[in-house]
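Trainee: For the sequence shown, our numbering gives the first residue as 33, with consecutive numbering after it.
Backbone N, C-alpha and C define an ideal beta-carbon position, used for all residues, glycine too.
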Amino acid sequence: MFLDENFYGSATVGERGQVVIPAEARKQLDINPGDKVLVLKHPHAQVIALFKIGAMSEMFAAMLEDITRLETKVAEFADEHNGD
């Protein structure tokens with residue numbers, strides 16, 4: 033399912049190193065001419081990811097909220113089962 037929902041096709045690297053982001057991806061991600069994107073390499077693989085500037089901070093904020101909720105649930109579980 034993940035690939036089906038997140039696959040936009042392929043792109044070819046041009047002579048000047050340029051890559052065209054597929055139109056469907058630009059539309060769904062609201063990437064427009066002149067927008068800046070961050071290009072990051074995966075630390076353990078030959079993979080790059082493009083992030084629209086602003087989207088990365090939103091993603092990390094959402095992840096931090098999820099981690100905080102998870103920590104709360106773990107603490108509540110520990111309190112409920114303390115002494116079992």
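1. Taking the alpha-carbon positions, what's the Leu61 to Ala110 distance?
2. Using only alpha-carbon positions, find the residue among Val69, Gln78, Glu112 and Ala77 that is nearest to Met88.
3. Could you check where the alpha helix (DSSP H) with Phe109 kicks off and where it finishes?
4. For Lys73, which of helix, strand or coil comes out of DSSP?
5. Quick check: the Cα distance between Ala43 and Phe92, rounded to an integer number of angstroms?
6. What is the DSSP secondary structure of Ala81, counted as helix, strand or coil?
Mentor: According to the structure data:
1. 40 Å
2. Val69
3. Ala87 to Glu112
4. strand
5. 27 Å
6. strand
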